[in-house]
Structures are given as C-alpha cells and as structure tokens.
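Asker:
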Amino acid sequence: MKNNVYFLLLVFAFFSCERIIPFTPEDSDPKMTLYSLTSVEVYGPGFGIMTDSVDPQPIDASLSQSVGILDPSNPIPLDLADIWVVDSNNSETDTLISMNTGQGFFRAPNMKVKTGHRYNFYAKYGALDSIFATSFIPATPQNIVINPLDTNTGNSSGGPGSGEEKPYISFDIEINDDGAPGYYMIQAYERLVNTITVPEYMMYLESDDPSIISSGDRWSGDMSLYVSNNLFLGEKRIFNFKVIGYPEPDMQKVFKIIKIDNDYYNYLSSFDLYSSSGGPFSQPVTVYSNVTNGLGLVSGTSALWIAP
1 MKNNVYFLLL
11 VFAFFSCERI
21 IPFTPEDSDP
31 KMTLYSLTSV
41 EVYGPGFGIM
51 TDSVDPQPID
61 ASLSQSVGIL
71 DPSNPIPLDL
81 ADIWVVDSNN
91 SETDTLISMN
101 TGQGFFRAPN
111 MKVKTGHRYN
121 FYAKYGALDS
131 IFATSFIPAT
141 PQNIVINPLD
151 TNTGNSSGGP
161 GSGEEKPYIS
171 FDIEINDDGA
181 PGYYMIQAYE
191 RLVNTITVPE
201 YMMYLESDDP
211 SIISSGDRWS
221 GDMSLYVSNN
231 LFLGEKRIFN
241 FKVIGYPEPD
251 MQKVFKIIKI
261 DNDYYNYLSS
271 FDLYSSSGGP
281 FSQPVTVYSN
291 VTNGLGLVSG
301 TSALWIAP
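The opening residue of the sequence shown carries number 1 in my numbering; numbering runs sequentially from there.
The structure is reproduced here in structure tokens:
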C-alpha cells in the first residue's frame, strides 16, 4: 500500500511540470506525457528487514496529454491510451492496464522490476504522436559504509539570517563505485530505536564537501544530496555530510542510498530550477525529458537501505 501511495505522490509531483516551456508556435500542439520510475530496493545488514521477504516492485506509469503554457486548464489524463513495455533482456512484453482512477495511472499485470534489465515503453492514443522511452535498472549500491562523526547541538533554534548555528550530526559515507556512470542520491530518515520499520520521515541534509551537489538554502538544507561518480568510476571515495536536527536518544538515523542515471538527475535538477524561476522577468526553463515524440521522464533506480 505504501508503494502505491508513494507512486501517486510521485506522479502528482510530475504532473506539476507538464506545461510546455518555453512557449513557441511549434510547441503549442499537445503531446503525450509519460512518467514511469521503475525501482528496486534492498535492505542492508542491521536494517531489520530481509530483502527476500519484500515483493518485487511492479512497473507503473502515468499518461496524460499536455497543455500549452497559455492554457489555464490541467493536463488531460489518458486512461484509454494503449501502453506496453518490453524487457529488452528477454523480449518479454506486458500490456499495462489502467488502474481506473481517472488520473491516467497504469500498471503492468505480470512484469516486475529487476536490476540489470532495460525496459522499453511504447504508448499511443488517437491522433497524438506515438511515444517511446527506455529505462535501465542499475545495480544496487554495494559496500556502502556510513559512520557517525561529531554532534553539534547548535546555539539556538535560530533561522535564516540569524547568524546562529543549527544543530546537526556529521557522518562520513564511503562509496565503492561499481564503474557504471550515474549519480548517488543520499537521503536520511528517522525511526524509533529497536524497530524494523521502513521510515517515512525524511531529515534535512547539508554538506560542505565540494564533490556533493546541494541546492538547498543555508538554513533548511536539502532532502537529498547528490554525488556524481564521474571522478571516481570504479574506485572508492569518502564524503562528508550533516543530518540537520537535535540528537535524540530514542531515535535512530537510517539512510537510503539510491543509484540514479543521468536522465533522472537531469530531470530533477531542471525541475528544481523550473520551480525556483517563477519571477516575472526570469527566463523560461525547459524541464528535461527523455520521451521520444512526447514529454515526461522514464527512468530506473536501485536503492540500498542502511542502518549504521
């Protein structure tokens, strides 16, 4: 159930950028918009959950028809579209079925996500151009080590511009890269000690490490940090980051390390820029898309949960 909720939230976030930007006459024609994020999650030793006990993730997607930037209406869900996926590793094909939500959500009834597999998506609807996109599920991050360092309780609750130091716990993360190009997304969560639940409460992060990509403001930080493996392909590297907040003895910090491809990172970074460029004199920002003849984003990720 939690996966379904996560998927719906993810799609709603995606829908917020479905307008065609920047506006030009050739962009005014509607396009099919496809979003699908296929993911695999693994739980490391000490986390409390056996990976083998978790069902494989289904393949979900959403389809809609875009609207022009001057059109005040919302994108149009395409529940009656035809969409199918082909596993290029074994030529298996599965036709996605509408989830009958009225929001353009689809799910493959038989195919499940597997690491190392490439999934090709095809969709068609009426007179709109047929679309194509592909995603690859990277290998799950392995040999990741996270160690706590120092703790700083800060000097006040403070806030932006106050000049006061915020509380944090500092960590080192050691990444042994597998040599496949991409990015590592770092997320921190909190759960009660002596529990084995998958937490949903995310912590804010920040880092002074020049190799870590951060876009948060000075006070609140980021919900995710990014590390490109471009400079240490196939090698080991140690990075430092901080989890913002007061240390609490009855709470445990756990981490999710996600391997993402360049397409997904380009989408996230361009969407962040788009979201922060709403001024009346700002230049239009194009949100990254890897869908041929359409709009949207199709990508694959793999994640490792760690409880230091």
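Just so it is clear, CB atoms sit at the ideal spot from N, CA and C, and this is done for glycine as well. Fair warning: this is a prediction, and the values are worked out from it, not measured in the lab.
Sort M32, G48, R107 and V40 by Cα distance to L192 and report the nearest one.
Answerer: The residue labelled residue 192 in the question sits at position 192 within the sequence shown. The shortest C-alpha separation from L192 is found at G48.
Asker: Could you give the DSSP three-state label for S162: helix, strand or coil?
Answerer: Position 162 of the sequence shown, counted from the first residue, corresponds to residue 162. Because the pLDDT of S162 is 45, which lies under 50, any placement of that residue in the model is unreliable, and the number read from its coordinates should be weighed accordingly. Coil.
Asker: Under 8 Å: do the segment 174–181 and the segment 227–237 share three or more Cβ pairs, one atom per stretch?
Answerer: A contact exists between the segment 174–181 and the segment 227–237.
Asker: With 16 other CB atoms within 10 Å as the buried threshold, where does M223 fall?
Answerer: As a working mapping, residue 223 is identified with position 223 in the sequence shown. So M223 counts as exposed.
Asker: Residues bridged to Q187 by DSSP?
Answerer: Here residue 187 corresponds to residue number 187 of the sequence shown, with the count starting at 1. The partner list for Q187 (beta bridge, DSSP) reads K256.
Asker: Quick check on DSSP: helix, strand or coil for L233?
Answerer: Counting from one through the sequence shown, the residue named residue 233 turns up at place 233. Reduced to three states, the DSSP call for L233 is coil.
Asker: Spatial neighbours of G154 within its chain, please: C-beta separation below 6 Å, excluding the five flanking residues on both sides.
Answerer: Locating residue 154 in the sequence shown gives position 154, counting from the first residue. Answer for G154: E165, K166 and P167, listed in chain order.
Asker: For F106 and T151, what's the separation of their Cα atoms in angstroms?
Answerer: As a working mapping, residue 106 is identified with position 106 in the sequence shown. As a working mapping, residue 151 is identified with position 151 in the sequence shown. When rounded, the distance between both Cα atoms is 46 Å.
Asker: Within 10 angstroms of its Cβ, does D261 collect 16 or more other Cβ (buried), or is it exposed?
Answerer: Residue mapping note: residue 261 aligns to position 261 of the sequence shown, counting from 1. The residue is buried, with at least 16 neighbouring Cβ atoms inside 10 Å.
Asker: Ignore the nearest five residues each way along the sequence and tell me which others in A108's own chain have a CB closer than 7 Å to its CB.
Answerer: Sequence index remark: in the sequence shown, residue 108 carries index 108 (1-based). P58, I59, V85, D94 and L96, listed in sequence order.
Asker: Sort S299, S88, H117 and D79 by Cα distance to G102 and report the nearest one.
Answerer: As a first step, residue 102 must be located in the sequence shown, where it is residue number 102. Checked all of S299, S88, H117 and D79; the closest Cα to G102 is D79.
Asker: Compute the Euclidean distance between the alpha carbons of D55 and V291, then round it to the nearest angstrom.
Answerer: In the sequence shown, residue 55 corresponds to position 55, counting from 1. In the sequence shown, residue 291 corresponds to position 291, counting from 1. Distance between the alpha carbons of D55 and V291 is about 29 Å.
Asker: How many whole angstroms separate the CB atoms of A61 and S36, which I take to be in contact at a CB cut-off of 8 Å?
Answerer: Working through the sequence shown from its first residue, we reach residue 61 at position 61. Working through the sequence shown from its first residue, we reach residue 36 at position 36. Indeed they touch by this definition, with Cβ atoms about 4 Å apart.
Asker: T286 to P247, Cα distance in whole Å?
Answerer: Translated into positions along the sequence shown, residue 286 becomes position 286. Translated into positions along the sequence shown, residue 247 becomes position 247. Going from the Cα of T286 to the Cα of P247 covers about 40 Å.
Asker: Measuring straight from C-alpha to C-alpha, what distance separates P308 and F132?
Answerer: Locating residue 308 in the sequence shown gives position 308, counting from the first residue. Locating residue 132 in the sequence shown gives position 132, counting from the first residue. Whole-angstrom Cα-Cα distance: 41 Å.
Asker: Could you check which residue in F121, N143, E206 and K259 has the C-alpha nearest to that of I244?
Answerer: By 1-based counting over the sequence shown, the position of residue 244 is 244. Minimum Cα distance to I244 is reached at E206.
Asker: Quick one: is T195 buried, meaning 16 or more other Cβ sit within 10 Å of its Cβ, or exposed?
Answerer: Position 195 of the sequence shown, counting from 1, holds the residue named residue 195. T195 is exposed by the Cβ-count criterion.
Asker: Consult DSSP for D209 and reduce its assignment to one of helix, strand or coil.
Answerer: For the purposes of this step, residue 209 is taken as residue 209 along the sequence shown, with counting starting at 1. If DSSP states are grouped into helix, strand and coil, D209 belongs with coil.
Asker: Under 8 Å between the Cβ atoms of E118 and N90?
Answerer: In the sequence shown, counting from the first residue as 1, residue 118 sits at position 118. In the sequence shown, counting from the first residue as 1, residue 90 sits at position 90. One point to set straight first is that residue 118 is Arg, not Glu, in the sequence displayed. No; because the gap between Cβ atoms is not below 8 Å, this pair is not in contact.
Asker: Under the criterion of a Cβ to heavy atom distance below 7 Å, does I173 qualify as lining the ligand MN?
Answerer: Looking for the ligand MN in the displayed structure turns up nothing, as the structure carries no ligands at all.
Asker: Can you give the Cα-Cα distance for I83 and T134, rounded to whole angstroms?
Answerer: Start at 1 with the first residue of the sequence shown, and residue 83 comes out as number 83. Start at 1 with the first residue of the sequence shown, and residue 134 comes out as number 134. Using only the alpha carbons, I get a separation of about 13 Å.
Asker: For the beta strand (DSSP E) containing L268, name the first residue and the last one.
Answerer: Position 268 of the sequence shown holds residue 268. Segment N262 to S275 is the alpha helix (DSSP H) holding L268; no beta strand (DSSP E) there.
Asker: Helix, strand or coil, according to DSSP, for T51 in the structure here?
Answerer: One-based indexing of the sequence shown puts residue 51 at position 51. In the structure shown, T51 sits in a helix (DSSP, three-state: H, G or I).
Asker: Could you tell me if L295 is buried or exposed, where buried requires 16 or more neighbouring beta carbons within 10 angstroms of its beta carbon?
Answerer: Against the sequence shown, residue 295 aligns to sequence position 295. When all chains shown are included, L295 counts as buried.
Asker: Just to confirm before moving on: does the CB-CB distance between S299 and Y274 stay below 8 Å?
Answerer: The residue given as residue 299 occupies position 299 in the sequence shown. The residue given as residue 274 occupies position 274 in the sequence shown. Going by C-beta atoms, S299 is not nearer than 8 Å to Y274.
Asker: Closer than 7 Å by C-beta to V113: which residues in its own chain qualify, once you throw out the five before and the five after it? Chain order, please.
Answerer: One-based indexing of the sequence shown puts residue 113 at position 113. These residues qualify, in order along the chain: T38, S39, V40, P56, Q57, I59 and I137.
Asker: Report all residues from its chain with a CB closer than 7 Å to the CB of L34; omit the five preceding and five following residues, and keep chain order.
Answerer: If you number the sequence shown from 1, residue 34 lands on position 34. These residues qualify, in order along the chain: A61, L63, F121, A123, I131, A133, V291, G294, G296 and V298.
Asker: Name the residue from S211, I186, S269 and E190 whose alpha carbon lies nearest to the alpha carbon of S302.
Answerer: The residue given as residue 302 occupies position 302 in the sequence shown. Comparing Cα positions, the closest option is I186.
Asker: Which residues does DSSP pair with S39 in a beta bridge?
Answerer: Position 39 of the sequence shown, counted from the first residue, corresponds to residue 39. T301, per the DSSP bridge assignment.
Asker: Where do the ends of the beta strand (DSSP E) carrying S170 lie?
Answerer: Here the question's residue 170 lines up with position 170 in the sequence shown. It spans Y168 to N176 - the beta strand (DSSP E) in which S170 sits, taken as one unbroken run.
Asker: At what residues does the beta strand (DSSP E) containing M223 begin and finish?
Answerer: Looking up residue 223 in the sequence shown gives position 223. Here M223 belongs to no beta strand (DSSP E), and DSSP marks it neither H nor E.
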